[in-house]
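*Asks:*
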Amino acid sequence: RDECADPSTCGINATCHNTPGNFYCICAAGFSLKSGETNFTNLHESCMSVCDIDKSICGEGGVCHNSKDSHECVCRSGFTNYGHKQMKCTELKCNTFISESKASQASPELTKLVSLMTNSCLVLNESKSARKERFKQVDGERLLEALLSALDSLLHSGFQGDNHKVSAMFNIVESMLKLIGPLLSESQTKRSSSKTEVELLVKWGKSPPEGDFNISSGHTQFTSNWDTATGNKYLGFTTAALLSYKGLEESLNGYFNHLETQKKQTFKINSKVVTATVSNTETDKLQNPVNFTFSHLEKTKEAHCVFWDPKLKGGAWSKEGCTRVNSSDVQTVCSCTHLSSFAVLMALYDIGDVYELTLITWVGLPLSLVCLLICIITFYLVRSIQSTRNTIHLHLCISLFIAYFVFLVGIARTENEVGCAVVAGVLHYFFLASFCWMCLEGVQLFRMVVLVFNTTLRPIYMIAAGYGVPAVIVAISAAVNPSGYGTRGYCWLNIQDGFIWSFYGPVCAIIIVNVLFFLITIWKLAEKFSSLNPDLNNLRKIKAFTVTAIAQLCVLGIMWVFGCFQFSKDTLAMSYIFTILSSLQGVLMFIMHCWLSKQVRDEYAKFLSSICTPQKSKYSEFSSNQTSKSQGSKSVQHTGESHI
Numbered sequence: 008r009d010e011c012a013d014p015s016t017c018g019i020n021a022t023c024h025n026t027p028g029n030f031y032c033i034c035a036a037g038f039s040l041k042s043g044e045t046n047f048t049n050l051h052e053s054c055m056s057v058c059d060i061d062k063s064i065c066g067e068g069g070v071c072h073n074s075k076d077s078h079e080c081v082c083r084s085g086f087t088n089y090g091h092k093q094m095k096c097t098e099l100k101c102n103t104f105i106s107e108s109k110a111s112q113a114s115p116e117l118t119k120l121v122s123l124m125t126n127s128c129l130v131l132n133e134s135k136s137a138r139k140e141r142f143k144q145v146d147g148e149r150l151l152e153a154l155l156s157a158l159d160s161l162l163h164s165g166f167q168g169d170n171h172k173v174s175a176m177f178n179i180v181e182s183m184l185k186l187i188g189p190l191l192s193e194s195q196t197k198r199s200s201s202k203t204e205v206e207l208l209v210k211w212g213k214s215p216p217e218g219d220f221n222i223s224s225g226h227t228q229f230t231s232n233w234d235t236a237t238g239n240k241y242l243g244f245t246t247a248a249l250l251s252y253k254g255l256e257e258s259l260n261g262y263f264n265h266l267e268t269q270k271k272q273t274f275k276i277n278s279k280v281v282t283a284t285v286s287n288t289e290t291d292k293l294q295n296p297v298n299f300t301f302s303h304l305e306k307t308k309e310a311h312c313v314f315w316d317p318k319l320k321g322g323a324w325s326k327e328g329c330t331r332v333n334s335s336d337v338q339t340v341c342s343c344t345h346l347s348s349f350a351v352l353m354a355l356y357d358i359g360d361v362y363e364l365t366l367i368t369w370v371g372l373p374l375s376l377v378c379l380l381i382c383i384i385t386f387y388l389v390r391s392i393q394s395t396r397n398t399i400h401l402h403l404c405i406s407l408f409i410a411y412f413v414f415l416v417g418i419a420r421t422e423n424e425v426g427c428a429v430v431a432g433v434l435h436y437f438f439l440a441s442f443c444w445m446c447l448e449g450v451q452l453f454r455m456v457v458l459v460f461n462t463t464l465r466p467i468y469m470i471a472a473g474y475g476v477p478a479v480i481v482a483i484s485a486a487v488n489p490s491g492y493g494t495r496g497y498c499w500l501n502i503q504d505g506f507i508w509s510f511y512g513p514v515c516a517i518i519i520v521n522v523l524f525f526l527i528t529i530w531k532l533a534e535k536f537s538s539l540n541p542d543l544n545n546l547r548k549i550k551a552f553t554v555t556a557i558a559q560l561c562v563l564g565i566m567w568v569f570g571c572f573q574f575s576k577d578t579l580a581m582s583y584i585f586t587i588l589s590s591l592q593g594v595l596m597f598i599m600h601c602w603l604s605k606q607v608r609d610e611y612a613k614f615l616s617s618i619c620t621p622q623k624s625k626y627s628e629f630s631s632n633q634t635s636k637s638q639g640s641k642s643v644q645h646t647g648e649s650h651i
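Written as structure tokens, this is what we have:
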């Protein structure tokens, strides 16, 4: 017989299905048995609304309603199920997005992102009746495109050394990826732009997903399991995302002050910078570490795993919680026990010493120091060459001698941070002083050619210009950026944050001024040589002075052009040229101002003669005196005889 002929066989919320000699009932969509089964044959059982069976089916923030096809969760204000009607309503805190607006005010791109993120969050937080029309505007694909577009604009404009701005960007990116993930219609989404590349995964279901996942973006892979991505509280969905930045590694070199390093060790970012997020809100201390595989931008033997920590003076790289699992020349695998909102991981390499440069420095600089010391003694003791010009040379040699001596003994003493900063300050001061004294030489030559009378500079003015101007520059630099003196690799000015221009700025200005003085001097000399009654001896002397001064400026100026690249691994040839020129600086001063001067050579000859033949000199002096006395007596005797 047909049991399904009776409409009351299965009840009002089920349908009857006949089988040969039997039948079974199936609960309608949105209904089930208390046991959770949907098929039954026991007429004493009846299908009930899932809303009545499981009061928590929509979560504490939602209300369950029966619908034609199934049930629907209507979320109260402040809760959302991201448009998935049968999923639980979870709380969405828009205050976290609003609080980030303060950090983004310095950047129009970040401000625009925060505004878009906040508005989208508020729409999701509205009740069903209020958001029915506006909800259509909140589209995951559209938000993802807006994020990538804003990041392109931001990365094109650059950060200009603002680590607070970098921290704000990382925070906002992570928050937006967490917001966008559950709004995407596809389980896997990949997008790329001129400056970014991103992949997002999302899993929906009544029960948490299981197994491992692997996300690849750019030159990096993010590997973990769905349990870690879900966390202790399942929201009805689980997301994971990895965003890779193109070219950002070049802007973030230099924030390594908080990394523990070996002596003279420094770093350079050697991978793409990435941001990784999951829907789990508690990722500060993960029980199961997550893994990242980074492809190296350059082959390297040593790599370090780091992340961006905004708590370190506005933002800096840190190794805490990240360890290197294995590494080769081309890639590094990192394991980390945290995935905070600012998590960015990368591999770095260190720059080592070059033996040949060390050898040149320790052989060449002492030679230069010896020559400078001879010049100082010569200019101070030899009275026959005393003049304003030689006074300038004396102080120029003193400045260079102190600078090179401190460079030789202190440039690598980085173990004491304060001492290293003092060494850098002393080098800054005396190298600037050497350029100031060279500028004074240009001024003096100009006065000798242009002015006929009063061509001598007053000593008080020379001291003020030669030592006072550098003191003012160093004092202002130290007051503005005291942390710019000394780095982990060497005791010199910080190159990464642009502080080096407190040295190169004045040096460039002095070189330009000196070149102008020399051009005018040469022009005036040419005029005087072509005049009707030229003082040839004096003009030739000034001409020789000018040639040596120009040669001196060229050597010292060119040396510091290459010195700009002294502490970079990528420009090793520049380091060789700088080291060789600095080693020759003292030798050049000695040759130009001492050895090529006949007066100085004569004084050297007298000095060496008095040392090498002291007894002969005394005997000769005695013989000379006796001869003079004898000749004097004869002269008197002869005169007397004449008078007689």
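Per this note's numbering, the sequence shown runs over residues 8 to 651. Every residue, glycine too, gets a C-beta built ideally from N, C-alpha and C. Please read all numbers here as calculations on a predicted model, not as lab measurements.
Taking 7 Å as the limit between beta carbons, can you name the residues of its chain near Ser630, skipping five residues before and five after?
*Replies:* Confidence at Ser630 is low in this model, with a pLDDT of 42, below 50, so the placement of that residue should be treated as unreliable; the coordinate-derived value is given next. Within the same chain, Ser630 has no close Cβ partners at all.
*Asks:* Specify the secondary structure class of Phe299 as computed by DSSP and reduced to three states.
*Replies:* strand
*Asks:* What do you get for Ser627, buried or exposed, if any count of 16 or more other CB atoms within 10 angstroms of its CB means buried?
*Replies:* Residue placement at Ser627 is poorly supported in this model, since its pLDDT is 45, which falls under 50; the coordinates still yield a value, given next. Flag for Ser627 reads exposed.
*Asks:* Which residue or residues does DSSP assign as beta-bridge partners of Cys128?
*Replies:* DSSP, once it has assigned bridges, lists no residue as partnering Cys128.
*Asks:* Can we say the segment 229-240 touches the segment 56-64, given the rule of at least three CB pairs closer than 8 Å?
*Replies:* no
*Asks:* Here's the rule I'm using: 16 or more other beta-carbon atoms within 10 Å means buried, otherwise exposed. How should Leu379 be labelled?
*Replies:* buried
*Asks:* Where in the segment 387-460 do unbroken runs of the alpha helix (DSSP H), each at least 4 residues long, occur, reported from the N-terminal end onward?
*Replies:* If one requires a minimum length of 4 residues, the alpha helix (DSSP H) runs lying completely within the segment 387-460 are 395-417, 424-457, in chain order.
*Asks:* Would you mind stating whether Ala12 and Ala35 have Cβ atoms separated by less than 8 Å?
*Replies:* no
*Asks:* If you draw a straight line from the C-alpha of Ser375 to the C-alpha of Cys601, how long is it?
*Replies:* 14 Å
*Asks:* Nearest by alpha-carbon distance to Ser406: which of Trp444, Pro373, Leu388, Cys329 is it?
*Replies:* Checked all of Trp444, Pro373, Leu388, Cys329; the closest Cα to Ser406 is Trp444.
*Asks:* If distances are taken between C-alpha atoms only, which option among Ser194, Leu99, Leu415, Pro215 comes closest to Ile222?
*Replies:* Ser194
*Asks:* Assess contact between the segment 195-207 and the segment 157-172, defined as three or more Cβ pairs (one per stretch) separated by less than 8 Å. Is contact present?
*Replies:* Contact holds: three or more Cβ-Cβ distances are below 8 Å.
*Asks:* Buried or exposed: where does Tyr733 fall if 16 or more other Cβ atoms within 10 Å of its Cβ makes it buried?
*Replies:* For residue 733 there is no data in the structure shown, the boundaries of the chain being 8 and 651.
*Asks:* Which residues mark the beginning and the end of the beta strand (DSSP E) in which Trp602 is found?
*Replies:* For Trp602, there is no enclosing beta strand (DSSP E), as DSSP marks it with neither H nor E.
*Asks:* Mapping DSSP to helix, strand and coil, what is Val351?
*Replies:* In this prediction, Val351 has a pLDDT of 41, which is less than 50 and means its spatial position is unreliable; what the coordinates show is noted afterwards. Coil, per DSSP.
*Asks:* Under 8 Å by Cβ, that's how I've got Ala310 and Ser342 pegged, so tell me the actual separation to the nearest angstrom.
*Replies:* Their Cβ separation, rounded to whole angstroms, is 13 Å, which puts Ala310 and Ser342 out of contact at 8 Å.
*Asks:* Pick helix, strand or coil for Thr235, following the three-state DSSP scheme.
*Replies:* helix
*Asks:* Give me the Cα-Cα distance between Gly449 and Thr330, rounded to the nearest whole angstrom.
*Replies:* Taking the CA atoms as reference points, Gly449 sits about 58 Å from Thr330.
*Asks:* Here's the rule: buried if 16 or more other CB atoms are within 10 angstroms of the residue's CB, otherwise exposed. What is Tyr468?
*Replies:* Flag for Tyr468 reads exposed.
*Asks:* How should Cys427 be labelled, buried or exposed, when 16 other C-beta atoms within 10 angstroms of its C-beta is the threshold for buried?
*Replies:* Cys427 comes out buried.
*Asks:* Please classify Trp499 as buried or exposed, where buried requires at least 16 other C-beta atoms within 10 Å of its C-beta.
*Replies:* buried
*Asks:* Do you know how far the Cα of Ser484 is from the Cα of Tyr492?
*Replies:* Straight-line Cα distance between these residues: approximately 9 Å.
*Asks:* Taking 8 Å as the threshold (C-beta atoms), are Gln606 and Ser394 in contact?
*Replies:* no
*Asks:* Are the beta-carbon atoms of Leu120 and Ile179 separated by less than 8 Å?
*Replies:* yes
*Asks:* Quick check on the burial criterion: 16 or more other C-beta atoms within 10 angstroms. Buried or exposed for Leu439?
*Replies:* Buried is the call here.
*Asks:* Within 10 Å of its beta-carbon, does Thr339 have 16 or more other beta-carbons around it, so buried, or fewer, so exposed?
*Replies:* buried
*Asks:* For Leu242, which of helix, strand or coil comes out of DSSP?
*Replies:* DSSP places Leu242 in coil when its eight states are reduced to three.
*Asks:* Kindly confirm or deny that the segment 298-318 and the segment 224-235 touch, where touching means at least three C-beta pairs closer than 8 Å.
*Replies:* yes
*Asks:* Quick check for students: name the residue ranges of the alpha helix (DSSP H) that lie wholly in the segment 158-244, counting only runs of 4 or more.
*Replies:* 170-187, 233-237
*Asks:* Who are the Cβ neighbours of Ile409 in its own chain at under 6 Å, not counting the five residues just before and after it?
*Replies:* Phe437
*Asks:* Would you mind sorting Leu242 into buried or exposed? The rule is 16 or more other CB atoms within 10 Å of its CB.
*Replies:* buried
*Asks:* In terms of residues, what are the limits of the beta strand (DSSP E) holding Ile502?
*Replies:* First-last for Ile502: undefined, no H or E at that position.
*Asks:* My guess is that Ala175 and Leu117 are in contact by the Cβ rule of under 8 Å, so how many angstroms apart are they, rounded?
*Replies:* 6 Å
*Asks:* Assuming Leu346 and Ala283 make a contact with CB atoms under 8 Å, what is their CB distance in whole Å?
*Replies:* 6 Å
*Asks:* Under a three-way DSSP split, which group does Leu464 fall into?
*Replies:* coil
*Asks:* Going by alpha carbons, who is nearest to Cys446 out of Val433, Pro477, Ile518?
*Replies:* Ile518
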